[in-house]
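Asks: The sequence shown maps to residues 247 to 1081 in the numbering used here.
Handing you a structure now.
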Amino acid sequence: MSLKNARRISFAAGNVGLSRSKDALGGVMDINEAIRHAIDGNAVLFAGSGFSFGSVGLGGDSPLSGRGLARKLYADVGVDAEDSDLSIASQLYVERFGEAQLTRLCREMFTIKSSGAHHREIVDLPWQRIYTTNYDDLIERSGIDVGRAITPITPSDSPERYLSTGRVCLHINGFISRLGVGDLSSNFKLTFESYLHDALEGTPWQSVLRQDLRLARAIIFIGYSMYDLDLARIAHGEDIKGKAIFILSPDLKANSPDALRLPFFGSTHKIGAIDFSKMVRHEKTIYSRPEITFEPVALEKISAKLSLTPPTNSDVEKLFLYGDVKNELLGSHSANSATRYYLLDRPATSLATQTIEAGRDVVLTSELGNGKTIALEQISYKLAALGWQVLRLREDSKAVRKELSQIVSSDVPTVLVIDGYIPFLDAIDFVSIRRVGKKIVFLLSSRSHVHDVYLERLENALRVQEVDEFDLNLLEREDARSLVSMIDTYGLWTEFSNLSDSDRMKLVLSDCGGQFHQILLKLYSSPQIAGKVKALFDEIKPHVKQIATAVFIIKATDTPLQKHVVDDLLEGSPLVRMSNTERESVRFLWSDSGGVFKLRSSVLAEFYLTSQSNASEVVAVLSSMFKRAQILGGRTYEYFMRSAMTYSALQKMLPKNGLRAAVVNFYEDIQNTAFAKKNPHYWLQYAIARLAVEDDDFDRIGGYFKAAYAFAKLLPAYDTYQIDNHFARFQLMSACRSQDPGHAFDLYIEAKAILLRQTLREQKHQPYRAAAAVADFARAHGKSLDERQIQDVRRFCEKVIERISGLKPQVGNHRHVVRCRNELSSIRTWLDSPD
């Protein structure tokens, strides 16, 4: 901000106090600074009834305040009331004269014929947002008078339709132009009945308001009394006092409710709207608004600076074994290099790039180490080369939100990249609600099992019906061939070097299931490389190794890998006490800068945890971190706890040797914690874990499912989709084990009902993964079923196969859906065979 050479204006004593600094006021904002923020477009305006002073309605008078209107209505109905409760006064008026009469009165009073010069001066400022509890159209009329189009909206309007298109004014209690007979009890907050409903509660505007209060550099209330308890609670919750100013009537008495209440919310100035507008006019003459150039600081800009130098053997070995990525080599891939390339150009990266070019959001999914992060980098660099502004979010902070606000205010085509989107759902919603008509697209990634749980919440945050998903878990045959060639070129086969090309393809596609993660684990497990890894970890001191274990666990849960998180979850903040030598000993595992750890290889971390660590030591660290997270509380640590007790993540943290005992020890150690003991997710995951480690006690596991359902019922609107899905699989597994064909068929019928319901309403792969188990049931009991039962199973297979044919390609081609189709087709054929 810069000031022109001019003296600051001063008004007559008694109207405007001397300008005082924040320090002198103990953090209270200076009124001139607030005006400069408004000139910069960084302030929010709240207009109350006092703002309307000096305007003229159709009836020839200035609109009355809420209290003034209440007194008039009481007088009209002949009630000598001591209070000025508008809700009661209007209710009595409606009972006496009818709603149509009150509607006519309001239209004449609140439809503005002319605004005052001070209104026009104030409205002419480039407000970040305008909120008002007034019914009148004074703000819109003043905007027209100064050549600014301001769109009036109410809480019933959808924010995404308006926030990206220009200036809007939210009329919290209703807008006069929309008032019709019948609206007084709902959309127009006037009568007692309408006051029973919080105008913002349950609407997206409540979130928008909170976001605006956080982001604004100044919040200016004019003629606003904060009598609305709903708004007062929001303002108090966002702690606005240090940046809020209230412009009050010069005649306000020192012992009035407003004079006593409002200082709790910000600084008060008894100068009135007219003198405030004079201050605005003068500030415009001495203050030059700085030119706004966007250069991201909180967001990381990704540029397309690629090297044409081919990768060396060392480059590729470090990439494969230690996850050490050289960004300048991201352009060296199998599609543009004949022999020596650095990465595979997987079909999904090109399809995802095309999808984003078409303006649609993309989410890449894979399990740990199957390539989503590398693919995210490749797509980011491709888009940067195509001219997009590509920005990465590593945290969700106030500084990030401010830069996001600048992005949605510009017309620059932008891709926002988030690796591990779950903790960023609020930020995604913040942008999505404001990006209508803008070329702003998200490129996201997530672990497959986590994304399955959060998909609906992601679609809600993105404000889309469906998001384009790309599953990167499996390599296609051409990818596998390129990978085999690449490993051969750089001499990484070690003990598999003597295999033929066809045997190497079999190793990649069959033995490793076409998963890059499994291929790396296979390479790590070779004596030569495993020995290298063990030697590196043996050099790490025990207490530093504990820190490394904690970092690996946090990564496995997909929790943001920030230094403060590691310090919080380990006793005694051990990172601070690490010596330079100790830091150097783990340099091959991660890099750290700006308070963030960047793990070089999640597969190396998994290999150490599952193959070379001590089970009891890992469980001890994990359990301790879980209990610390419960004490700390908050969204980040609740997410950590939920992820840590999710079996698909847990199995990547615990050694294979002694896995069953380690799993049981962990779940039972946290079972009585407040977070777990009545948590349906805990009981579901414990059931899944016991099934996965081949526990034969199905009665006990059935009890865990019952507990999951029972605790889910205690939570309002809890979606039992995941419990239902896994319970259907459990019922089919129980059916396969049953020695009684009749009982087994009953279990199948229960599972069938769940799966048909889920495949009917969901475009997801999970129901089909469970449905494939019907094939196992048919093989186990098919010879014992009667003709009616066989036809029931056959119809189920046909119905599911039919529904698969109607799935969108990303779901229909998912490996679990493909397996389901193949299994059920095979069983249908077998059931039709004469034998």
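By construction, the Cβ of each residue, glycine as well, lies at the ideal position given by its N, Cα and C atoms.
These numbers were taken from a predicted model, which means no experiment stands behind them.
Can you tell me which of Glu828, His763, Gln858, Asn744 puts its alpha carbon nearest to the alpha carbon of Lys778?
Replies: As a working note, residue 778 is residue 532 in the sequence shown. The shortest C-alpha separation from Lys778 is found at Gln858.
Asks: If we count Cβ pairs, one from each stretch, closer than 8 Å, do we get three or more for the segment 798-805 versus the segment 650-664?
Replies: Because the criterion of three Cβ pairs below 8 Å is not met, the segment 798-805 and the segment 650-664 do not touch.
Asks: Consult DSSP for Gly303 and reduce its assignment to one of helix, strand or coil.
Replies: Working through the sequence shown from its first residue, we reach residue 303 at position 57. Three-state DSSP puts Gly303 in a strand.
Asks: Kindly give me the distance between the Cβ atoms of Asn903 and Ala938, rounded to whole angstroms, as I take these residues to be in contact under 8 Å.
Replies: Within the sequence shown, the letter at position 657 stands for residue 903. Within the sequence shown, the letter at position 692 stands for residue 938. Wrong, their Cβ atoms sit about 16 Å apart, outside the cutoff.
Asks: Measuring only the C-alpha atoms, how far is Tyr470 from Ile517?
Replies: Residue numbering aside, residue 470 sits at position 224 when the sequence shown is read from its first letter. Residue numbering aside, residue 517 sits at position 271 when the sequence shown is read from its first letter. Their Cα atoms are separated by approximately 13 Å.
Asks: Of the choices Ser596, Leu614, Lys644, whose alpha-carbon is the least far from that of Tyr627?
Replies: Here residue 627 refers to the residue found at position 381 of the sequence shown. The shortest Cα separation from Tyr627 among Ser596, Leu614, Lys644 belongs to Ser596.
Asks: In this structure, does DSSP put Cys982 in helix, strand or coil?
Replies: Within the sequence shown, the letter at position 736 stands for residue 982. Here Cys982 sits in helix by DSSP.
Asks: Mark Ser743 as exposed unless 16 or more other C-beta atoms lie within 10 angstroms of its C-beta, in which case mark it buried.
Replies: Taking the sequence shown and counting its residues from 1, one reaches residue 743 at position 497. Burial call: exposed.
Asks: Report the start-end ranges of each alpha helix (DSSP H) in the segment 670-754 that is 4 residues or longer and not cut off at the edges.
Replies: You should have 671-678, 694-708, 723-735, 747-752.
Asks: Starting from Val661, follow its DSSP beta bridges and name the residues at the other end.
Replies: As a position in the sequence shown, residue 661 is number 415, starting the count at 1. Per DSSP, Val636, Val687.
Asks: Measuring only the C-alpha atoms, how far is Gln374 from Leu650?
Replies: Taking the first residue of the sequence shown as 1, we reach residue 374 at position 128. Taking the first residue of the sequence shown as 1, we reach residue 650 at position 404. C-alpha separation (whole angstroms): 14 Å.
Asks: Buried or exposed for His482, please, with buried defined as at least 16 other CB atoms from any protein chain shown within 10 angstroms of its CB.
Replies: Translated into positions along the sequence shown, residue 482 becomes position 236. By the neighbour-count rule (16 or more Cβ atoms within 10 Å), His482 is not buried but exposed.
Asks: Just to confirm the assignment: which complete beta strand (DSSP E) runs, minimum length 3, are found wholly within the segment 366-429?
Replies: Qualifying beta strand (DSSP E) stretches, in chain order: 375-378, 397-399, 414-417.
Asks: Among the candidates His697, Lys809, Pro450, whose CA atom is the shortest distance from the CA of Ser404?
Replies: Here the question's residue 404 lines up with position 158 in the sequence shown. Comparing Cα-Cα distances from Ser404 to each of His697, Lys809, Pro450, the minimum goes to Pro450.
Asks: Jot down the residue ranges of each uninterrupted alpha helix (DSSP H) in the segment 489-530, minimum 4 residues, whole runs only, in chain order.
Replies: 503-507, all fully within the segment 489-530.
Asks: Determine whether the beta carbon atoms of Phe218 and Val608 lie at a separation below 8 Å.
Replies: The shown model of the chain, from 247 to 1081, leaves out residue 218, and the question about it has no answer.
Asks: Going straight from the alpha carbon of Glu830 to that of Asp945, what length do you get?
Replies: Reading the sequence shown from its first residue, position 584 is the one you call residue 830. Reading the sequence shown from its first residue, position 699 is the one you call residue 945. So the alpha carbons of these two residues sit roughly 51 Å apart.
Asks: With the cut-off set at 8 Å, would you say Leu1124 and Tyr568 are in Cβ contact?
Replies: Since the first residue shown for the chain is 247 and the last is 1081, residue 1124 is missing from the structure and cannot be characterised.
Asks: Can you give the Cα-Cα distance for Ser646 and Leu639, rounded to whole angstroms?
Replies: Sequence index remark: in the sequence shown, residue 646 carries index 400 (1-based). Sequence index remark: in the sequence shown, residue 639 carries index 393 (1-based). The question names Ser, but residue 646 in the sequence shown is Val. Each residue's alpha carbon lies about 8 Å from the other.
Asks: Note down the Cα distance separating His443 from Ile480, rounded to an integer number of angstroms.
Replies: For the purposes of this step, residue 443 is taken as the residue at position 197 of the sequence shown. For the purposes of this step, residue 480 is taken as the residue at position 234 of the sequence shown. Bear in mind that a pLDDT of 45 at His443, under 50, signals an unreliable position, so the model cannot answer this.
Asks: Do the segment 750-764 and the segment 705-723 meet, that is, are 3 or more Cβ pairs less than 8 Å apart?
Replies: Yes, the segment 750-764 touches the segment 705-723.
Asks: Once DSSP output is grouped into helix, strand and coil, what is the label at Gln808?
Replies: Here the question's residue 808 lines up with position 562 in the sequence shown. Three-state DSSP puts Gln808 in a strand.
Asks: Would Ile520 and Val290 be called neighbours here (beta carbons separated by less than 8 Å)?
Replies: Taking the sequence shown and counting its residues from 1, the one referred to as residue 520 is at position 274. Taking the sequence shown and counting its residues from 1, the one referred to as residue 290 is at position 44. Contact: no.
Asks: Just list the alpha helix (DSSP H) runs in the segment 955-1008, keeping only unbroken ones of 4 residues or longer that don't cross its boundaries, in chain order.
Replies: For the segment 955-1008, whole alpha helix (DSSP H) runs of length 4 or above, ordered along the chain, are 967-983, 987-1007.
Asks: So, for Lys618: in the same chain, excluding its five sequence neighbours on each side, which residues have a beta-carbon less than 6 Å away from its beta-carbon?
Replies: For the purposes of this step, residue 618 is taken as residue 372 along the sequence shown, with counting starting at 1. Excluding positions up to five away in sequence, the list reads Leu610, Ser612, Ser691, Leu718.
Asks: By how many angstroms is the C-alpha of Arg456 removed from the C-alpha of Tyr667?
Replies: Reading the sequence shown from its first residue, position 421 is the one you call residue 667. Reading the sequence shown from its first residue, position 210 is the one you call residue 456. So the two alpha carbons sit approximately 21 Å from each other.
Asks: Nearest-angstrom Cα distance between Gln876 and Ala796?
Replies: Position 630 of the sequence shown, counted from the start, is the residue given in the question as residue 876. Position 550 of the sequence shown, counted from the start, is the residue given in the question as residue 796. When rounded, the distance between both Cα atoms is 16 Å.
Asks: Taking a contact to mean a Cβ-Cβ separation below 8 Å, would you say Phe421 touches Pro401 in this structure?
Replies: As a position in the sequence shown, residue 421 is number 175, starting the count at 1. As a position in the sequence shown, residue 401 is number 155, starting the count at 1. Not closer than 8 Å, so no.
Asks: What first and last residue would you give for the beta strand (DSSP E) that runs through Glu546?
Replies: Position 300 of the sequence shown, counted from the start, is the residue given in the question as residue 546. From DSSP, the beta strand (DSSP E) with Glu546 extends over 546-548.
Asks: Tell me the DSSP secondary structure of Lys924 in three-state form.
Replies: On the sequence shown, residue 924 is found 678 positions in, with the first residue counted as 1. Lys924 falls in the coil class under three-state DSSP.
Asks: In the DSSP output, what is Leu291 paired with across the bridge?
Replies: Within the sequence shown, residue 291 is the residue found at index 45, counting from 1. Answer is Ile376, Ile466.
Asks: To the nearest whole angstrom, what separates the beta carbons of Ser889 and Gly615, a pair I think is in contact under 8 Å?
Replies: In the sequence shown, counting from the first residue as 1, residue 889 sits at position 643. In the sequence shown, counting from the first residue as 1, residue 615 sits at position 369. That pair is no contact at about 16 Å.
Asks: Expressed to the nearest angstrom, what Euclidean distance is found between the alpha-carbon atoms of Ser267 and Ile679?
Replies: The residue labelled residue 267 in the question sits at position 21 within the sequence shown. The residue labelled residue 679 in the question sits at position 433 within the sequence shown. Any reading at Ser267 must be qualified, since the residue scores a pLDDT of 34, below 50, and its modelled position is unreliable; no value is offered.
Asks: Since Thr611 sits in a beta bridge, which residues does DSSP pair it with?
Replies: Counting from 1 along the sequence shown, the entry for residue 611 is found at position 365. DSSP lists Ser692, Asp717 as partners of Thr611.
Asks: What number of angstroms, rounded off, separates the C-alpha of Asn203 from the C-alpha of Ser549?
Replies: This structure gives no information on residue 203, because the portion of the chain shown stretches from 247 to 1081.
Asks: Does the segment 986-1006 come close enough to the segment 963-973 that 3 or more CB-CB pairs lie under 8 Å?
Replies: Because the criterion of three Cβ pairs below 8 Å is met, the segment 963-973 and the segment 986-1006 touch.
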